[in-house]
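Chains as they are written, first to last, in this note's numbering: chain A, 1 to 287; chain B, 1001 to 1287; chain C, 2001 to 2287; chain D, 3001 to 3287.
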């Protein structure tokens, strides 16, 4: 970026009464430190891993590969929200155990989704960041609960949430006492059907201007097509994103969920390389 | 309706793998019996009451008024999902106590929202129907839990849920063992900003054709303007809705939530009268 | 309707600077008189006919059938806007000749679409109402031209036009000197794909409150499914619509366009009958 | 881009029957040559200028400034589509005369909008590229006419057009005989209101994969905020755009239209510099 990033006069009103998340509350911005990985600073970080934890071999092989290619944090779902009750809904507690194993072996911090307050202790024991998924962005009792945790919270934008609603969801977490909130744009629902969602990159500068929280982008869900991910990952970083959330699978054709979105480790490595070049072009860097 | 209602060849695919909710599973249709009030039969029923339970006087006065005007079931929120953490979030357990009181005094069955599995026993002790709100339509752990209840479930459509997603949410409840599911269209999010949402009445015949479940419509949220409610209530019934969900407040200007949506008892009585005339015009009746 | 229809305090702003269409400019409302057919009065009128004029037999047979069933005005496209250049784009001037023939034989006034200023004289010679289609709602040079005509203009809402944009399009016509403008809601584009569009019936009371112009509804395009048309036609009238625009074809399976939307003459006759009952239920009548 | 850009297996269906625009028809891609400026090649080009031509001084000062900063083509509206009939609708033929003057003085090729077939000869006499605006994307008679011109056509995407509809609009132009079509994503309409539109950058790789035509992006309209333009311009180029369309005004606060979108010449120069760095990072270059 040329010059300071968030200096213009603020838009009126997208924060509404959400005063804790508003940039005015912390003008220098929030950097969330996850076991040494700093999210929201000058570095653009990459979180990568499979949509769902499927088994030990799949998870460990993917974790090693994404670490080698430059990912700083491992993602992987143990509890999976699925549109149909008959889809694979995750390994649950066994998935958490495998994430802890991958963390121990690779040293990567782990982010995984928590879907219900009753899972919170078990998830918190294995994860370094608690993810609240898009479909739970306005699950207010869950927001209250993760707000009482001492772990950072990765709060994904609802697929048709306005930015005002999104910031109020983040305010729930902060109002409950947790100021380590990470935002993530992941595609919104529009009339267009050729991609799974429409990635809303206008949201990146708008959120960064209005709030002090780090803003990530998830081009895997935001496009729904593996072949599009690199292009939109570069676009997100050019728009100023503080990091990326990327689905990687060692064998996308056999993935139990979101195989269409998932990069192979090789494609992921190429993506990281080009993302680094774009980050440098806009005055950022990669780890 | 002239002639049989659901006879044409089905559209392909909006049910997907949701076989329990599909009309083929119960061609004659489901009638949910709530202490003698039959939802999904020839009668068009009206559920009415305040957005939020505020105090004993407000609730009892409203309950008596809506009963006198023809409502069959009382609605009222004790646990309120609110966009901002600083808005009135309901009286909680005290609200449940007041609902039980209103039920005892008026004899009206009660529907109220459950936001979290941990509230389920307390809500079930005071309510006759469990409401799952729009923002929780894809709170899958909550769907699993209400699916294990023996109370009927009023599942509101998410504000940007496709009908396919909606039917799969209903399938979660049925797959967990509860076949007393009531659907409710309550407005979807579009680009139009002059009304709060866009009421989607196309959804009524489509859902009735594809599924065997009763379909209600909520024109209070679907319009966001009290002055529009009667017109859209009539439209919903003309489109074939099995019932209505209407917000009524004894003093809308002082309501703690949704005052703009709420009818006075007098306006509600006029609405019920005209709705009855429309129901008769399309071959239905009112209690 | 019970009591006066447009008395509440107006919403602020959907008219913006469009002062000629605003209700305040003509509080009693506009009634457009088309050779004795009054649009915008107490009667709910029905305009019906084929999507496209295909040949003399198809048009005359349909015209006779819709007249017998209660339609007051004949619709039929000679110049057809089509998404693909390779679709049937209408018979053009030959289509106009056939419309004039059908008008002469049945006595029904005719409405047909004008797509370009250069067609205007030819269309005006054969038609009683000029239709501006959804895709041309913001074709401002065309709006200026039909504004200089002495024929009434049926201006369809753009498929993703806000009501404010829509009223400004009507203002173009009035500002050019033509105060005989008829509005028509025909479905908007949303994320839902099971119906062709989402019919926005909230628009009916909102437009009637904010403007003095008559408001029709087109459930044929607004649903895209013939089997849904009767239900939504009834809903539109219950919501207060001043009339309906309905596609009818003597043999929908062989229609050159929009066969999926089109009612048979028999289904149309049943629809008119039920619409009449609904109109009576809300204090309106049919011719 | 690393490696070949358009090699994966094509998505099925977004072209439908639009065979002339489909990539298969010209696998190597189309490069449109505008008096030596090549659009669709390795170079990322920038088109800049005021929303509307206001007067000689404004236009010439802006034209010189954007040329100095690296723009290859001058934009400026003489015929302006405006939502309200009472807004400034452009200087018309006098605006064309000024554009011809600016072209003569700076040597920059000119693109300007044509709103009606009857303006075509006058516009073609002063312009090097004919622009068809968003609101006319499905003005099919206009598409036919520009298809008969020998000038390249810049066809902007409609604000709620699907990509399939957009490609069929381009097909109209090609089917009429003009194969010099340039596409331009300019923001789509969604539920989000904090920016004027939502810029859809998913569209860039999707259009480039499915069609052989060059794809530009307009972040000025796509965001509606001057302070956002640089970020989204960089994002567009990172996503693979072949060029940008940018509104620049020498005094945005006094602009007769779109002042909120418009960059000052200084901000434009900074933008071009950063865009160049991003282009290099993704294997492209700037002139």
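Positions of the beta carbon are idealized from the N, C-alpha and C atoms, including for glycine.
Since the structure is predicted, the reported quantities are computational estimates derived from the model, not experimental observations.
Cβ neighbours of residue 3192/D within its own chain (closer than 7 Å, five residues either side excluded): 3198. If you look at residue 3067/D, you'll find it in the alpha helix (DSSP H) that goes 3056 to 3069. Around the beta-carbon of residue 2052/C, 16 or more other beta-carbon atoms lie within 10 Å, marking it buried.
Listed along the chain, the chain D residues whose CB falls inside 8 Å of the CB of residue 2202/C amount to none; the nearest CB is some 15 Å away. The C-alpha of residue 106/A lies about 13 Å from the C-alpha of residue 49/A. Taking a C-beta distance under 8 Å as the contact criterion, residue 2257/C and residue 1202/B do not qualify as a contact pair. For residue 2064/C, no chain A residue has a Cβ inside 8 Å of its Cβ, as the nearest lies near 39 Å away. Within its own chain, the residues whose Cβ lies closer than 8 Å to the Cβ of residue 2175/C, once the five positions on either side in sequence are excluded, are 2020 and 2147, listed in chain order. Residue environment: residue 3094/D is assigned as exposed (fewer than 16 neighbouring CB atoms within 10 Å of its CB, all protein chains considered). Residues of chain C whose Cβ lies closer than 8 Å to the Cβ of residue 189/A are, in chain order, 2191. In summary, residue 3121/D is exposed, with fewer than 16 beta-carbon neighbours lying within 10 Å of its beta-carbon over all protein chains present. For residue 3212/D, not one C-beta of chain C is nearer than 8 Å to its own C-beta. Listed along the chain, the chain D residues whose CB falls inside 7 Å of the CB of residue 2206/C amount to none; the nearest CB is some 18 Å away. Cβ-Cβ separation between residue 169/A and residue 138/A: approximately 6 Å, consistent with a contact (criterion under 8 Å). Annotation: Cβ neighbours of residue 277/A in chain D (cutoff 7 Å, chain order): 3281. Of 3129/D, 3161/D and 3036/D, the smallest CA-CA separation from residue 3245/D is found for 3129/D.
Uninterrupted beta strand (DSSP E) stretches at least 3 residues long and entirely within the region 2121 to 2155 of chain C occur at 2129 to 2132, given in chain order.
By the C-beta criterion, the region 2084 to 2102 of chain C is judged not to be in contact with the region 3021 to 3029 of chain D, since fewer than 3 inter-stretch pairs fall below 8 Å. Note on residue 3178/D: 16 or more other CB atoms within 10 angstroms of its CB, so buried under the neighbour-count rule.
Beta-bridge partners assigned by DSSP to residue 52/A: 77/A. Taking a contact as a CB-CB distance under 8 Å, the pair residue 183/A and residue 207/A counts as one, their CB atoms being some 6 Å apart.
Taking a beta-carbon distance threshold of 8 Å, residue 1223/B counts as an interface residue toward chain C. Between the region 3079 to 3087 of chain D and the region 2155 to 2169 of chain C, the count of C-beta pairs closer than 8 Å reaches three or more; the two stretches touch. Judged by DSSP secondary structure, residue 2163/C falls within the alpha helix (DSSP H) whose first and last residues are 2163 to 2175. Here residue 187/A carries a coil assignment [DSSP, helix/strand/coil]. For residue 1229/B, the enclosing alpha helix (DSSP H) stretches over residues 1226 to 1238. When secondary structure is reduced to three states using DSSP, residue 1204/B falls in the helix class. Distance from residue 3243/D to residue 3216/D at the Cβ level is roughly 5 Å; contact confirmed, criterion being Cβ atoms closer than 8 Å. Boundaries of the alpha helix (DSSP H) harbouring residue 2266/C: 2265 to 2281, taken from the DSSP string.
Looking at the backbone, the Cα of residue 3046/D and that of residue 3224/D are separated by about 18 Å. The Cβ atoms of residue 3125/D and residue 3110/D lie no closer than 8 Å to each other. When C-alpha distances from residue 228/A are compared across 3237/D, 3218/D and 3209/D, the shortest belongs to 3209/D. With 16 or more neighbouring CB atoms inside 10 Å of its own CB, residue 3219/D falls in the buried class. Residue contact check for residue 1136/B against chain A: a CB pair falls below 8 Å.
For residue 1037/B, the pairing in a beta bridge is given by DSSP as 1034/B. As DSSP reads the structure, residue 2286/C sits in no beta bridge.
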